[in-house]
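Colleague:
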Amino acid sequence: MSAADPLAPPRVRGWKRLPVVRQLRQSVGLQRGMLVTGLVITGLFLLTALLAPFLAPYGYAQLQGADGRNFGAQVPPSAAHPLGTTVGGFDVLSRVIWGAQTALGAIVVAVLLSIVVGVLLGLVSGYFGGWLDRILVVVADAIYAFPTLLLAIVAAIVISGGQSSLGGGILAAAISITVVFIPQYLRVVRSEVVRVKSEAFVESARVIGSSSVRIMVRHVLRNSIRTLPLIITLNASEAILTLAGLGFLGFGIQPTKAAEWGYDLNKSVSDVAAGIWWTSVFPGVAIVLVVLGVTLVGESLNDLSDPRLRSRRRARRAAPAVATEPAP
Amino acid sequence: MSTTIEVPPVSPPAVPRGRRRNRPSGLLLYLLVRALLIIPTVFILVTLVFFLMRSTGDPITAALGGRLPADQLQERIREAGYDRPLLVQYVDYLGQIARGDFGRSLSDGRSIGEIVVTFGGATLELAVYALLVAFVVGVPLGMLAAKLRDRWPDATLRVLAILAYATPVFFAGLLLKLVFSVWLNVLPVAGRASTRVQIQFDSMPNPTGIYLIDAIRLGDGNAIGDVLWHAILPGLALGLLTAGIFLRLVRTNMIDTLGRDYIDAARSRGVGEFRLTRTHAWRPALIPIITVIGLQIALLLGGAVLTETTFEWRGLGFQIAQYLQARDFVAVQGMVVVLAIIVAVTNFVVDVIAALIDPRVRY
Amino acid sequence: MASAFGSARSRRLGVAVGIAAASALVLAGCAGGGTSGSGGGSSLIVGTTDKVTFLDPAGSYDNGSFAVMNQVFPFLMNSKVGSGTVEPDIASSAKFTSDTEYTVTLKPGLTFANGNKLTSSDVKFTFERQLKINDPNGPASLLGNLDSVDAPDARTVVFRLKKGGDQTFPQVLSSPAGPIVDEQVFSADKITQDAAIVKGKAFAGPFSIGSYKKNNLVTLSAFSGYDGLLGKPKTGDITLKYFTSSSNLKLEVQGGGIDVAYRSLTPTDIADLKTKKSVKVVDGPGGEIRYIVFNFDTQPYGAKTEGADPAKALAVRQAVADLVDRAAIAKQVYKNTYTPLYSYVPQGVRGATEVLKSEYGDGSGGPSLDKAKAVLQAAGVSTPVTLKLQYNPDHYGEGSADEYALVKSQLEDGGLFAVDLASTEWVQYSKDRVKDVYPAYQLGWFPDYSDADNYLTPFFAEGNFLGNRYSDPVVTQLIQQQQVEGDPAKRQQDIEDIQAAVAKQLSTVPLLQGAQVAVVGKDVSGMTLDPSFKLRLTSLSK
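What follows is the structure, encoded as structure tokens:
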């Protein structure tokens, strides 16, 4: 997971203190079940994305088999095409698998961009305070209400100049998501900075003239790591949903450049009306599953970081289900 | 689409938090400051929208480039004032908005105000249906999940809630269409009424644009049934998505309040668990829900582009999608600005309600 | 006539073909009278995914707007339902009275639905305002050969042409430039808004508009004052319902919510509807064509590229023509709602040939890898040739992406080409293509009227709308010659010669020709799809 932030100084028991791992160890019962399920789905998604060239029976833009004959359009699921073929004659299974790669690309770009900009702004805003801080906070709140998808569409038009290329499509989704998520990172980091800034050791560092900024960054980041994984998972799901939304509205990536689930759903609209279900169900389920997996992880982490929501190891009021710990 | 599960911030942290006493003047001051905050919020959004849309070039070129000879294009650009420095145009645009003039669509010549009035009813109607479904489904289930926390019904409900969030509305639309319109052939998936009923509405004097109200005014049982029949799938699709968010919120807040001292006190007084949930824990849990409804309206409007396109529900989102397709950026910009104002005002109202319900809400 | 075409032509081609295109659906025709009486309480609902841009004929030039105009405005020339041959509509006679004068006499006693008289003054006003407004979204370019209009008396109109003997002029009067409007309602120098037209009841076609909710619901009712070629409508009240998604249009017609689905259902929709008992699928000749354009400057070995070599450039184009498998595209992508196109003038239009069939590929319409290899080798072209191919996903129908993915696959199959396929949305696309940005790209065309010239002049004459740097003196000369050739046999020969000449040079590689398709409820009759490519509502009944 991207949550394993290298900046987190490994302490006492090393990897066991890393986010996610720590929460996994801390979790019990159904809560652990949800976290594990989420981690498994997310892991499968990552594997699929990374191993797509080996897993997919055909290329994402492949129209004919080794025998030089076209697959045919809208072929129902069969041995040669376990999930059938699309209206354009692509293999559905292959495009679903390759689509994971595109989705992962959007996630990585969106999360990286948001973190870098959001954390920086958060540090600056919290550290300097004053008017800059106020303006940033108000701007952040205003942006919070801005419709992501509209932003994404405009970004798609600007970035790609109407060309539906792989990079353009991913970047458009990523940038719009970044804009909406920066405020969330900013908020978390800023409040940490404000808190840490007033603490004695920073004050004293300042007094003795050593770099207070360096100390602060270390402390702030270490503390924020508790909340950041949750935002990252949200950020990731939004990235996938926005990419799919763009594809569905026709601002997506064209099929010979990459496989993209939203695009395939867009192309399947007529199929649905004709009762051809396999072209829409599988890419759609892929989107749902990935978002589900990532969100389960995020939700569980959120529960575990909040003492009130954490399942109690020994339930105060007898809750039978909690008592039995399922094998992870 | 852009529904975020995370509990959103209740009110802008920039509100001065000095006064914490429950004095009327405190409340008034809070309301005043909160109302004033609408202005910068709208201002920022307008600025963002303006420069974002303009980064694609001037609207005339976007809409007509390639169809007009270069000299005619230049002429039109000059007439519309798009050849002036961007900052001048921006200031000009701000002034225009301050006067309540949001511009006129390039592609069909309608004023933005007229468009919003014409299509706003449909969007409002769908939002109300969706909120209704979300309330009826999300709140009781959320309370149930809180009561049964960490047991399997809780886990099931939570996974369902996440599923509702994880399913893009257009995929839900496709599935519903597949099952109900194609396989079972029982429910309409597109449009707000059947053609004949729609013609009835078109010919009535002063239609409100909210079909249910219009149908009731007509006093025509068929029309009412038809309108509701058409609302089922879009209302459910959007409502269940929102219900997932409500469920999660109610659960979290119930768990929180159930753990509070005064609940323990009530429990020790012998108040039954059921009554405890219904009377004591319910009210505090309500506030975040109200706040979220506010944000939900924003998201409904933002997500309306997808929802309304999917169900061919001719509201504001549907219309924005049409203008986007026509590259009519004047119309898109105008409508987004109006939506931004609606969202900002809604959030204000929501904050006010939250403050009135629970004086402890920070102000 | 030619030079003014450029911009508006390309637009029309965009909007018209675009929305229509891949989905390929037009009217359906079943002959026979209906059960309902004329104009009585009976009503019909016609659904479409086309859009109206403006009702004003000066402000729009697309299928969606033209379909409505055909119902509510009269024409001087029109064609009978079922035919593409033009004859006088609200005129009693129309003919060349001299080489450059075309004189039309109106029928007596014509009125508009608002009671205003329809006289030669309205006709003069109609055409003069078209020329004056000359809107980029309008069809004024079709009137490129019109010099002036005179109205010597209340019923006589004289059109003075710049170029004599124009064989296409009667057709132009039936085209989108031809609807006659009311001078007391329409503005002389501005596009008139829909609301003003509807309020002013400026209609004199077979129908007038009752209630008008743009691109949502439009109700039409028979106008008794219309005395023209199309006759009295068999159904008095017709509602036009606008959809944005073809799948919703499909489900509605299938479920009986609407009576007619006219443009544009996808091939998948049509294939499925053919299996349904509740509806009938009707088809008719289609004038729509799809083709690949080569930019002679920027294509591989083009005039402005490094190593420019006309012979090699030609070989590249020929190899493409050898390799494309039109039948496979028609079958796989369009489920045969399109048919292979082997020339520039499509089948069904007088003068059509199949010259590319024997010239390229295996000689009988199929592809030939060997021939492509040979032609590239003979010209000394090193393979694989890198070809940047551009298509548009949003104006030529949903099939475009699949069509070009298949073209890419066909070209690359034998290793002769490496195709870099990219897509661009329409607005940008129409700007880029005329700026020589795309070496090879997709276009489509929907005819303005049913005449071979409409497939030649706009494409291959000087200053054509393709702007692909192709020009050939022989072809140019032949095109001018056929335009004014009064003898039909000689004209047809010229038209065939033009096709043969262009086929050797391959300014474009034609791919497919569309059919018109409409779907009607099983109890609906009179849906007619004919070579006029117009929406016919007067013959509909249930």
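Protein chains in written order, with my numbering: chain A, 5 to 332; chain B, 7 to 369; chain C, 940 to 1481. In this text, a Cβ means the ideal position worked out from N, Cα and C, and glycines have one as well.
Considering just the uninterrupted stretch of the alpha helix (DSSP H) at B/PRO65, what are its terminal residues?
Modeller: Here residue 65 of chain B refers to the residue found at position 59 when the second sequence is read from its first residue. Where B/PRO65 is concerned, the enclosing alpha helix (DSSP H) stretches over 65–70.
Colleague: Would a check of beta-carbon distances place C/LYS1274 closer than 9 angstroms to chain A?
Modeller: Taking the third sequence and counting its residues from 1, the one referred to as residue 1274 of chain C is at position 335. So yes, C/LYS1274 belongs to the interface.
Colleague: Nearest to B/LYS183 by CA position, among A/VAL273, A/ILE181, A/GLY297, is which residue?
Modeller: The residue labelled residue 183 of chain B in the question sits at position 177 within the second sequence. For B/LYS183, the nearest C-alpha among the options comes from A/VAL273.
Colleague: Any idea which residues DSSP pairs C/PRO1027 with across the strands?
Modeller: Reading the third sequence from its first residue, position 88 is the one you call residue 1027 of chain C. BP columns for C/PRO1027 point to C/MET1016.
Colleague: What residue ranges within the segment 237–316 of chain A form continuous alpha helix (DSSP H) runs of no fewer than 4 residues, ordered along the chain?
Modeller: As far as the segment 237–316 of chain A is concerned, its whole alpha helix (DSSP H) runs of at least 4 residues are 265–271, 273–277, 282–309.
Colleague: Taking the CB atoms as reference points, tell me whether C/THR1477 and C/GLY1170 lie closer together than 9 angstroms.
Modeller: Counting from one through the third sequence, the residue named residue 1477 of chain C turns up at place 538. Counting from one through the third sequence, the residue named residue 1170 of chain C turns up at place 231. Their beta carbons are under 9 angstroms apart, which means C/THR1477 touches C/GLY1170 by this criterion.
Colleague: So, using beta-carbon positions, are C/LEU1360 and C/ARG1372 closer together than 9 angstroms?
Modeller: If you number the third sequence from 1, residue 1360 of chain C lands on position 421. If you number the third sequence from 1, residue 1372 of chain C lands on position 433. No, they are not a contact pair.
Colleague: I'd like to know if C/ASP1469 contacts chain A, where contact means its C-beta is closer than 9 angstroms to some C-beta of that chain.
Modeller: For this step, residue 1469 of chain C is matched to residue 530 along the third sequence. No, C/ASP1469 lies away from the interface with chain A (no Cβ there is under 9 angstroms from its Cβ).
Colleague: Going along chain A, which residues have a C-beta under 7 angstroms from B/ASP64?
Modeller: The sequence position of residue 64 of chain B within the second sequence is 58, counting from 1. Near B/ASP64 there are no residues of chain A at all, since even the closest Cβ is about 13 angstroms away, more than 7 angstroms.
Colleague: Check for me: the alpha helix (DSSP H) holding C/SER1369 runs from which residue to which?
Modeller: Residue mapping note: residue 1369 of chain C aligns to position 430 of the third sequence, counting from 1. Note, C/SER1369: alpha helix (DSSP H), 1365–1372.
Colleague: To be precise: take each residue of the segment 279–292 of chain A, compare its Cβ to all Cβ atoms of chain B, and keep it if any distance is under 8 angstroms. Which residues remain?
Modeller: Hits within the stretch, in order: GLY279, TRP281, SER284, VAL285, GLY288, ILE291, VAL292.
Colleague: With a floor of 3 residues, list each beta strand (DSSP E) that falls wholly inside the segment 1081–1160 of chain C, ordered by position along the chain.
Modeller: For the segment 1081–1160 of chain C, whole beta strand (DSSP E) runs of length 3 or above, ordered along the chain, are 1085–1092, 1095–1100, 1146–1152.
Colleague: Which residues in the same chain have their Cβ closer than 8 angstroms to the Cβ of A/PRO332, if we skip the five residues on either side of it in sequence?
Modeller: As a first step, residue 332 of chain A must be located in the first sequence, where it is residue number 328. Legend: pLDDT at A/PRO332 = 32, less than 50; position of this residue unreliable, value from coordinates given subsequently. Contacts found: LEU28, ARG36, VAL40.
Colleague: Taking 9 angstroms as the threshold (C-beta atoms), are C/THR1039 and C/ASP1089 in contact?
Modeller: Indexing the third sequence from 1 puts residue 1089 of chain C at position 150. Indexing the third sequence from 1 puts residue 1039 of chain C at position 100. Cβ distance not < 9 angstroms, so C/ASP1089 and C/THR1039 don't count as in contact.
Colleague: Count the other C-beta atoms from every protein chain shown that fall within 10 angstroms of the C-beta of B/MET210, then say buried if there are 16 or more, exposed otherwise.
Modeller: To locate residue 210 of chain B, count along the second sequence from 1; it is residue 204. It counts as exposed.
Colleague: Can you tell me the Cα-Cα spacing of C/ASP1028 and C/PHE1098, whole angstroms?
Modeller: Residue mapping note: residue 1028 of chain C aligns to position 89 of the third sequence, counting from 1. Residue mapping note: residue 1098 of chain C aligns to position 159 of the third sequence, counting from 1. Between C/ASP1028 and C/PHE1098, the C-alpha separation is close to 16 angstroms.
Colleague: Three or more C-beta pairs closer than 8 angstroms, one from the segment 36–51 of chain B and one from the segment 331–349 of chain B: is that the case here?
Modeller: Touching, yes, given that three or more Cβ pairs across the two stretches are closer than 8 angstroms.
Colleague: Considering only their Cβ atoms, is the gap separating A/GLU264 from A/GLY256 smaller than 9 angstroms?
Modeller: The residue labelled residue 256 of chain A in the question sits at position 252 within the first sequence. The residue labelled residue 264 of chain A in the question sits at position 260 within the first sequence. Yes, these two residues count as a Cβ contact at 9 angstroms.
Colleague: According to DSSP, is B/VAL233 helix, strand or coil?
Modeller: As a working note, residue 233 of chain B is residue 227 in the second sequence. Three-state DSSP puts B/VAL233 in a helix.
Colleague: According to the neighbour-count rule (16 or more other Cβ atoms, all chains shown, within 10 Å of its Cβ), is C/ALA1250 buried or exposed?
Modeller: Translated into positions along the third sequence, residue 1250 of chain C becomes position 311. Burial call: exposed.
Colleague: So what does DSSP say about C/GLU1040, is it helix, strand or coil?
Modeller: One-based indexing of the third sequence puts residue 1040 of chain C at position 101. DSSP places C/GLU1040 in strand when its eight states are reduced to three.
Colleague: Would C/PRO1323 pass as a contact of C/ALA1269 if the rule is Cβ separation under 9 angstroms?
Modeller: Here the question's residue 1323 of chain C lines up with position 384 in the third sequence. Here the question's residue 1269 of chain C lines up with position 330 in the third sequence. Against a cut-off of 9 angstroms, the Cβ pair of C/ALA1269 and C/PRO1323 comes out as no contact.
Colleague: Which residues in the same chain have their Cβ closer than 7 angstroms to the Cβ of C/LEU1474, if we skip the five residues on either side of it in sequence?
Modeller: Numbered from 1 along the third sequence, position 535 holds the residue referred to as residue 1474 of chain C. The answer, listed in chain order, is LEU966, ALA1006, ASN1009, TYR1201.
Colleague: Which residues in the same chain have their Cβ closer than 8 angstroms to the Cβ of C/LEU1100, if we skip the five residues on either side of it in sequence?
Modeller: Against the third sequence, residue 1100 of chain C aligns to sequence position 161. The residues are THR1039, GLU1040, TYR1041, ASN1084, LEU1085, ASP1086, PHE1108.
Colleague: Kindly list, in the order they appear in chain B, the residues whose Cβ is closer than 7 angstroms to that of A/VAL143.
Modeller: Here the question's residue 143 of chain A lines up with position 139 in the first sequence. What A/VAL143 touches in chain B: ILE50.
Colleague: Three or more C-beta pairs under 8 angstroms: does that hold for the segment 993–1000 of chain C against the segment 1069–1082 of chain C?
Modeller: Yes: at least three Cβ pairs fall under 8 angstroms.
Colleague: Run down chain C in chain order and give the residues with a C-beta less than 7 angstroms from the C-beta of B/ASP419.
Modeller: In this structure chain B extends from 7 to 369, so residue 419 of chain B is not present and cannot be described.
Colleague: Below 8 angstroms, how does it come out for the segment 1440–1455 of chain C and the segment 1222–1240 of chain C: are there three or more Cβ pairs, yes or no?
Modeller: Result yes; three or more Cβ-Cβ pairs closer than 8 angstroms.
Colleague: Have a look at B/ASN259 and B/LEU54 and give me their C-alpha separation to the nearest angstrom.
Modeller: The count along the second sequence starts at 1 and reaches residue 259 of chain B at position 253. The count along the second sequence starts at 1 and reaches residue 54 of chain B at position 48. Those two C-alpha atoms are separated by around 34 angstroms.
Colleague: Would you please state the rounded distance, in angstroms, between the beta carbons of C/SER1031 and C/PHE1233? I believe it to be under 8 angstroms.
Modeller: As a position in the third sequence, residue 1031 of chain C is number 92, starting the count at 1. As a position in the third sequence, residue 1233 of chain C is number 294, starting the count at 1. Not really, about 48 angstroms apart at Cβ, beyond 8 angstroms.
Colleague: Would you decide whether C/PRO1145 is buried or exposed? Buried here means 16 or more other CB atoms lie within 10 Å of its CB.
Modeller: Against the third sequence, residue 1145 of chain C aligns to sequence position 206. Under this definition C/PRO1145 is a buried residue.
Colleague: Can you find the residues in the same chain that come closer than 8 angstroms, C-beta to C-beta, to C/GLY1354, ignoring five residues on each side of it along the sequence?
Modeller: The count along the third sequence starts at 1 and reaches residue 1354 of chain C at position 415. Once the five neighbours on either side are set aside, the close Cβ partners of C/GLY1354 are THR1322, PRO1323.
Colleague: Tell me where the alpha helix (DSSP H) around A/PRO57 begins and ends.
Modeller: One-based indexing of the first sequence puts residue 57 of chain A at position 53. Counting along the chain, the alpha helix (DSSP H) containing A/PRO57 begins and ends at 33–59.
Colleague: Just confirm the distance between the C-beta atoms of C/ASN1331 and C/TRP1365, as a whole number of angstroms; I'd bet it's less than 8 angstroms.
Modeller: Mapped onto the third sequence, residue 1331 of chain C falls at position 392. Mapped onto the third sequence, residue 1365 of chain C falls at position 426. The Cβ separation is near 6 angstroms, so the contact holds.
Colleague: Go ahead and pull the three-state DSSP assignment for B/PRO15.
Modeller: Within the second sequence, numbered from 1, the residue matching residue 15 of chain B stands at position 9. In this predicted model, B/PRO15 has a pLDDT of only 37, less than 50, meaning its place in the structure is not dependable; the value taken from the coordinates is given anyway. In the structure shown, B/PRO15 sits in coil (DSSP, three-state: anything other than H, G, I, E or B).
Colleague: Apply the 10 Å Cβ neighbour rule to A/LEU136 and answer buried if 16 or more other Cβ atoms are within range, or exposed otherwise.
Modeller: As a working mapping, residue 136 of chain A is identified with position 132 in the first sequence. By the neighbour-count rule (16 or more Cβ atoms within 10 Å), A/LEU136 is not buried but exposed.
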